[in-house]
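Below is one structure, written out as structure tokens; the observations come after it.
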Amino acid sequence: MPNLFTPYELKGLSLKNRIVMPPMCQYSVDKQDGIPNDWHFVHYVSRAVGGTGFIIVEMTGVHPDGRITNQDTGIWADGQIDAYRKLTDAVHSHGAKIAIQLGHAGRKAVDAEPPVAPSAIPFDSRSKTPKALSREEIAELVDAYREAARRAVEAGFDSVEIHGAHGYLIHQFHSPLTNVREDEYGKDLGLFGEQVVRAVKEVLPADMPVIMRVSAKEYVDGGYDHEYALQFCTRYRDAGVDLFHVSSGGEGPIGSNGGPNAVPAYQADLAEYLRNGLQVPVIAVGRLESYSDAQAIVAEERAELIAVGRGMLSDPYWALHAEEALGGVNQMPKAYERGLWNRK
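With the sequence shown counted from 1, adding 602 to any position gets you this note's numbering.
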């Protein structure tokens, strides 16, 4: 029976444990150039020191106007590669693996002039009305994802995660709420996402898994449910996705945090549903700060990996503390051994 600290392998990705730091935007780029700085270096490397097995860098723009804000990271130019290489080398030196989440905010890009989307529908009454993408512009964005994935490989990342959740561009294409186009991208809502997956797959090594983050449910009247999510995820799986990172929300008044009624592990059932329906591994995420909750989901084989977001913002050493609480730490940075009480 697996547990939170059982090693895990998927294609060429080999993890020392089942603990994932999910992408969480830091809004800390200081020159609006998309290049990660010292803040990002310390932020991610400290979680590697803290025992996390797999770190996924925050949503990183494949295009300058694809960022949520101009303070977000980007990977749209070759000149950005070196900063990421410094980061991946440091994370690897502490025994962790690292991926990068490639994304485009679409109509939710607050600093874009104008933002773009499948259709000219603003996110809410306070948001800008986006420009509906032309076919030519869609093709350019597919290529932007491809080139961003190529740069990620050159920068030393162990995997790539495609952001198809939380109301961002790919989500906007496959959601009937936000895609009312009359061309092939409106008649076939999963087409853009499939094209992105295939483009990314083209430039990755054969043994590098493709991850995709999806919202398995929209918390809004008329929004899609888990059964519809299974349909488009099947499409993405067949295009080349190896592992799904299962979240929810992002459209309507309730965002990706599930709203005030979200309880611990509130998205675990959605992850398990897609895991069973797709017959592929999944990452469960959502209020999993409790060590015992995270341990139970892996032990019950409801998900292969567990992502701890806000809990890891609060505690960079969440993984070490979880191991200590659940039975004793076997591996600890030597410099920190004096701070550990329950060493085996």
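C-beta atoms are modelled at their ideal positions from N, C-alpha and C, and glycine is treated no differently.
- At a Cβ-Cβ threshold of 8 Å, PRO866 and LEU890 count as neighbours.
- For LEU615, DSSP records a beta bridge to LEU612.
- Rounded to the nearest angstrom, the gap between the Cα atoms of ILE885 and LEU876 is 10 Å.
- Contact annotation: LEU806 and ALA751 have beta-carbon atoms nearer than 8 Å.
- Annotation: GLN881 to ARG620 spans about 18 Å, alpha carbon to alpha carbon.
- Boundaries of the beta strand (DSSP E) harbouring HIS847: 845-849, taken from the DSSP string.
- Counted as a single uninterrupted DSSP element, the stretch harbouring SER761 is not any alpha helix (DSSP H) but the beta strand (DSSP E) occupying residues 761-766.
- Within the same chain, HIS706, GLY708 come within 6 Å of LEU771 by CB-CB distance, once the 5 residues on both sides are set aside.
- Between GLY758 and ASP691 a beta carbon distance of about 6 Å is seen, short of the 8 Å cut, so the two are scored as contacting.
- Between the C-alpha atoms of ARG800 and THR780 there is a straight-line separation of about 23 Å.
- With contacts defined by Cβ atoms closer than 8 Å, PHE643 and LEU704 do not form a contacting pair.
- For the pair of segments examined, the segment 814-823 was found to touch the segment 842-851: the number of CB pairs separated by less than 8 Å reaches three.
- Counting other Cβ atoms within 10 Å of its Cβ, VAL782 stays below 16 and is therefore classed as exposed.
- Scanning the segment 723-803 for uninterrupted alpha helix (DSSP H) segments of 4 residues or longer gives 737-756, 771-776, 786-789, listed from N- to C-terminal end.
- Between ASP726 and the set ARG912, GLY857, ASP684, LEU791, the nearest pair of CA atoms involves GLY857.
- In this structure, MET603 sits away from PRO625, with a CB-CB distance that is not shorter than 8 Å.
- Excluding five sequence positions before and after SER630, the CB atoms of its chain that fall closer than 6 Å to its own CB belong to TRP641, given in chain order.
- Classified as exposed, SER616 has fewer than 16 neighbouring CB atoms from the shown chains inside 10 Å of its CB.
- Taking GLU906 as reference, the option from GLY941, ALA870, PRO717, GLY929 with the minimal CA-CA separation is ALA870.
- Around ALA711, the same chain offers ASP667, GLY668, ARG669, ILE670, PRO717 as residues with beta carbons nearer than 7 Å, after the five sequence neighbours per side are excluded.
- Taking 8 Å as the cut-off, the beta carbon of TYR919 is found closer than this to the beta carbon of GLY653.
- Taken in chain order, the unbroken stretches of alpha helix (DSSP H) that lie wholly in the segment 862-916 and span 4 residues or more are 870-880, 893-901, 912-916.
- According to DSSP, LYS699 shares a beta bridge with PHE656.
- A Cβ-Cβ contact shorter than 8 Å links GLY852 with HIS773.
- Put simply, of ASP635, ILE658, ILE637 the residue whose alpha carbon is nearest the alpha carbon of TYR646 is ILE658.
- Short of 6 Å from the beta carbon of PHE656, and not among the five residues preceding or following it, lie these beta carbons of its own chain, in chain order: LEU617, VAL622, LYS699.
- The residue among VAL744, LEU942, LEU793 with its C-alpha nearest the C-alpha of GLN833 is LEU793.
- By the neighbour-count definition (other C-beta atoms within 10 Å, threshold 16), THR731 is an exposed residue.
- In the three-state reduction of the DSSP assignment, ALA719 falls in the strand class, which pools E and B.
- Between ARG839 and GLU874 the beta-carbon gap is near 16 Å, outside 8 Å, which marks them as no contact.
- The beta carbon of SER721 is closer than 7 Å to those of ALA734, THR780, ASN781, VAL782, ARG783 in its chain, skipping five residues each way along the sequence.
- Counting of Cβ neighbours within 10 angstroms places ASN878 among the exposed residues, the total staying below 16.
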